[in-house]
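In case it helps, the numbering used here puts the sequence shown at residues 304 to 422. Note that CB positions come from ideal geometry on N, CA and C, so glycine has one too.
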Amino acid sequence: MEFVQERKNGITEFTASTLFGLDLTPFVTAVRSRITSSLEQHQFDALVMLAFNIGAGANGFADSSVVKMINDPTAKTNYPNLEAAWKAWNKSQGKVLKGLENRRACEWVVFSQGVYKKW
C-alpha cells in the first residue's frame, strides 16, 4: 500500500520503464532458459510476450508444445504445426475468448513476420 500511496500522483516514464523491466525479467529468463535454438530478435520478443501472458512455469510456457516445437521441429505434439500450438492458448477457464485469439494472432505475426502491431 505504501508503494501506491507514494505514487498516487503518477510516476515518471523512467520509473514505469524500470518497473516494467522488473516485471518482464522472469519471462525473459524463461525464454532464455527453455529455448535452445537460435532466434531472431522478433522471435525472442514474441516468445517473451507469450510467456508473459500464459505464465512462465510448467503449466504455461516452460513445458508448452510451442517450446518443444521450436527446440525440435520434429517433436510429437497434439498440433499439426507451430502456429496451431501457439494459437491454442486462446482460452480462459475452458472458454475461447476473442481477446486471447487476437493477442495470439498478433504475437504470431511478430514471431513469424517480425511485424509489430497492436491487437
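Taking the CA atoms as reference points, PHE347 sits about 8 Å from PHE414. Shown here, SER367 sits in coil according to DSSP, grouped into three states, outside any helix or strand.
The residues ILE373 and ASN374, in chain order, have a CB closer than 7 Å to that of SER340 in the same chain once the five nearest residues on each side in sequence are set aside.
Here ARG337 is buried, its C-beta having at least 16 other C-beta atoms within 10 Å. Here ALA349 has GLU410, VAL413 and PHE414 as same chain residues with Cβ atoms under 6 Å from its own Cβ, once five neighbours each way along the sequence are excluded.
Excluding the 5 residues flanking it on each side, ALA359 has same chain C-beta neighbours closer than 8 Å at PRO329, PHE330, THR332, ALA333 and ALA365, in chain order. Within a 10 Å sphere around the beta-carbon of ALA388 sit 16 or more other beta-carbons, which makes this residue buried. Straight-line spacing of the CA atoms in VAL418 and ARG406 works out to 14 Å.
In this structure, the straight-line span from the alpha carbon of ASN384 to that of GLN308 is close to 48 Å.
The residue among ASN381, ILE357, SER367 and THR380 with its C-alpha nearest the C-alpha of GLN396 is ILE357.
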